[in-house]
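Quick notes on the structure that follows.
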Amino acid sequence: MASLFQSFKERDNVKLFLIESKLMKDNLVLIIDFGSQVTQLIARRLRELKVYCEIHPFNKINDEFIKTICPKAIILSGGPASVLDDNAPTPPSIIFDIGVPILGICYGQQIMMKMLGGNVIHGSGTSEFGKSFVKKKNKSISFLKDFFKDNNEQVWMSHGDHVSSIPSNFEVYGVSENAPFAIIGDIKKHFYAVQFHPEVVHTLSGKNIIKNFLQLANVSFDWNMKAYLEQAVHIIKEKVRDKKVICALSGGVDSSVTAILIHKAIGDQLTCIYVDNGLMRKNESEEVIKLYTDHFKLNLIEANEQQLFLSNLLGVTDPEEKRKIIGKLFIDVFQKYALEIEGVDFLAQGTLYPDVIESVSFSGAPSVTIKSHHNVGGLPKKMNLALIEPLKELFKDEVRLLGKELGVPNKFIERHPFPGPGLAIRCPGEITDEKLNILRNADEIYIDQIKKHGLYNEIWQAFTVILPVKTVGVMGDARTYDYVCALRAVTSIDGMTADYYQFDHEFLSETATKIINNVAGINRVTYDITSKPPGTIEWE
Ligand code: XMP
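Sequence positions in the sequence shown follow our numbering and run 633 to 1172.
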């Protein structure tokens, strides 16, 4: 994200940041990330409590940053490092001087103790990982309201080191077998710290601790989508003023909600471009265009470039090559149409919060590219546009809520994800018109079946794949020699890992029969039961 951002106009960034700070961040809880696997869950828990928060990595935070954003409260996350290391990740000490409540979690507890005069030791042989129990100690405090159901509360631990002594203004309120300072606090300053992870569901009453902490910090619990929508419209108006914005629409939830939101704020100053690459599902382009133009009255350019994409893909069988061709053509086409609009200053993108959280990397090792995804992020620097990303504070389910608030029909909000390269990567081997049509017909039947059985919202993503093999069959006493169709359906939280969906056999046989009876060109159907890993969700 950083490099993408830098490639656009920097001139407005400071000003825009201040506008956003003023409007969005009056009630901000800052989560300082030290690289824990579960930091995002802290944000999830806060959002569930209707509290606005942001995660920032420890190494991007300095005194000026803290003074600018003026958090109402600060949470220090867990992390894989040891505070006993020479270069232990450390937040700026100003956080302890600005008079706001602080909650330290695991590594966050330990670094807090190290900085405030306590002590931390390596717990050789006394680590705790997974389920553990904390016993109550000393008097009851507001921070622990509704936490201990009896005197032995289940929590989730993940630590090697532990705190071995605390400063005199702190007291102990809970102990576990290997963490003598499992819960500590300085109730005057509202500094609290826990060795366990209250943000994970295995800490049964963890959410109560988080809620109590936020109440002690006088944070308001009123962040909701209606408020977000009003604020976002205001910010977009302030940002864009009388300038023009362009947006690439794909029909997916993120780009649709982005465009409809921006349109609500600035009307016809927004022009959307829909690139029809000939790789969409049956009737998809028509439905999407109808929604945007008839229903939402967006200013839409339809770029019908089916032939361009399909002719460039002729004879291409390598998945990465397909992706690269489609990605490059998309950028060329988008740019061609965008340049016809005069005086554009902004490019709108449906970037979501998980994409912008800068992860804390201790290894610095580059990750391996499994597949090259494409989106408008690759647009050339020479377009020189500032970015406008109104969803960048939201998680996927929150985008759906925002879509509902904007009146986007459920059918579009609840759509399964669809990849940028479209049907090209569901057609292993050569892409031909014949195969694309067979695939479209089979996919329509499969998705209809899933909807008819009320399973669509239980499944994260479902689609058909046409395999580059023909097999022999027999239909009405005649020999057939047709393609094989694979059905795929997965459950997942974020697409990073996935499991296959367990349909019952009746559903599978009914669907296979319907596809074979109704789609000429297919005489065999299989069901893909591979999880991710080792498979990926798409076949290419
Ligand atoms: P894989 O196949 O990598 O897919 O397990 C994970 C999720 O990402 C989607 N996907 C893409 N989305 N451009 C996109 O916008 C792409 O190039 C792309 N490739 C895969 C896939 O559909 C699944 O939801």
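Backbone N, C-alpha and C fix where the C-beta goes; we use that ideal spot for every residue, glycine too.
Euclidean distance between Cα positions of residue i and residue j
i       : j       : result
Glu1173 : Leu1026 : For residue 1173 there is no data in the structure shown, the boundaries of the chain being 633 and 1172.
Ile933  : Asp908  : 11 Å
Arg677  : Val832  : 9 Å
Thr722  : Asn691  : 8 Å
Lys881  : Leu662  : Sequence inspection shows Leu at residue 881; the Lys mentioned does not correspond to that position. About 33 Å.
Ser790  : Ala814  : 12 Å
Val920  : Pro689  : 38 Å
Lys1146 : Gly1086 : 17 Å
Phe697  : Arg1047 : 39 Å
Phe845  : Lys763  : 23 Å
Gly755  : Lys746  : 16 Å
Leu673  : Asp1029 : 14 Å
Leu1038 : Phe928  : 10 Å
Glu680  : Thr835  : 16 Å
Ala1118 : Asp1160 : 6 Å
Ala1074 : Phe978  : 40 Å
Asn1150 : Tyr1078 : 11 Å
Val732  : Ile963  : 47 Å
Gly623  : Ile1169 : Residue 623 is absent from the structure shown; the chain starts at 633 and stops at 1172.
Ile773  : Val670  : 26 Å
Ile1173 : Val865  : Nothing about residue 1173 can be reported from this structure: the residues present for the chain run from 633 to 1172 only.
Bridge partner(s) assigned by DSSP for residue i
i       : result
Gln901  : Partner(s): none; Gln901 has no beta bridge.
His829  : According to DSSP, which records beta bridges pairwise, His829 is partnered with nothing at all.
Arg1111 : Val1106
Lys929  : In the DSSP output, where bridge partners are listed per residue, Lys929 has none listed.
Lys820  : None; Lys820 has no bridge partner.
Contacts around residue i, its chain only, beta-carbon distance under 7 Å, and the 5 residues preceding and following it disregarded
i       : result
Val1116 : Leu1099, Val1101, Thr1103, Arg1156, Thr1158
Pro1166 : none
Pro951  : Ile1057, Glu1172
Phe941  : Asn909, Gly910, Leu911, Ile958, Leu961
Asp886  : Gly982, Leu984, Leu1023, Val1031
Gln938  : Asp908, Asn909, Gly910
Pro703  : Leu660, Val661, Leu662, Val732
Beta-carbon contacts of residue i that lie in its chain and below 6 Å, excluding the five residues immediately before and after
i       : result
Ser1124 : Trp1092, Ala1130
Gly1153 : Ile1070, Asp1114, Tyr1115
Lys914  : Arg1072, Glu1076
Ile1063 : Leu945, Ala1056
Ala825  : Gly736, Gln741, Met744, Ile816
His830  : Before going further, note that residue 830 is Pro rather than His in the sequence given. The residues are Gly838, Ile841, Ile842.
Asn751  : Ser796, Ser797
Cutoff 8 Å; reference residue i; Cβ partners in own chain excluding five residues on either side
i       : result
Lys654  : With a pLDDT of only 44 at Lys654, under 50, the local geometry of the prediction cannot be trusted, and no value is derived from it.
Ala997  : At Ala997, the pLDDT of 45 sits below 50, so the modelled position is not reliable; the number obtained from the coordinates is stated separately. Around Ala997: no qualifying Cβ.
Phe994  : With a pLDDT of 49 at Phe994, under the threshold of 50, the predicted position of this residue should be treated as unreliable, and no value is reported.
Thr1162 : Tyr1132
Lys922  : none
With 16 other Cβ atoms within 10 Å as the buried cut-off, status of residue i
i       : result
Ser888  : buried
Leu971  : exposed
His1137 : exposed
Phe853  : exposed
Glu785  : buried
Asp874  : exposed
Gly883  : buried
Gly899  : exposed
Asp665  : buried
Leu716  : exposed
Ala1177 : Shown here, the chain extends from 633 to 1172; a query on residue 1177 therefore has no answer.
Proximity test, residue i beta-carbon vs the ligand ZN heavy atom, cut-off 6 Å
i      : result
Pro986 : As far as ligands go, the structure on display features the ligand XMP and does not contain the ligand ZN.
(request) Inspect the CB distances between the stretch 856-873 and the stretch 694-709 and report whether three or more fall short of 8 Å. (result) no
(request) Count the C-beta pairs between the stretch 859-871 and the stretch 786-801 that are closer than 8 Å, then say yes if the count reaches three, no if not. (result) no
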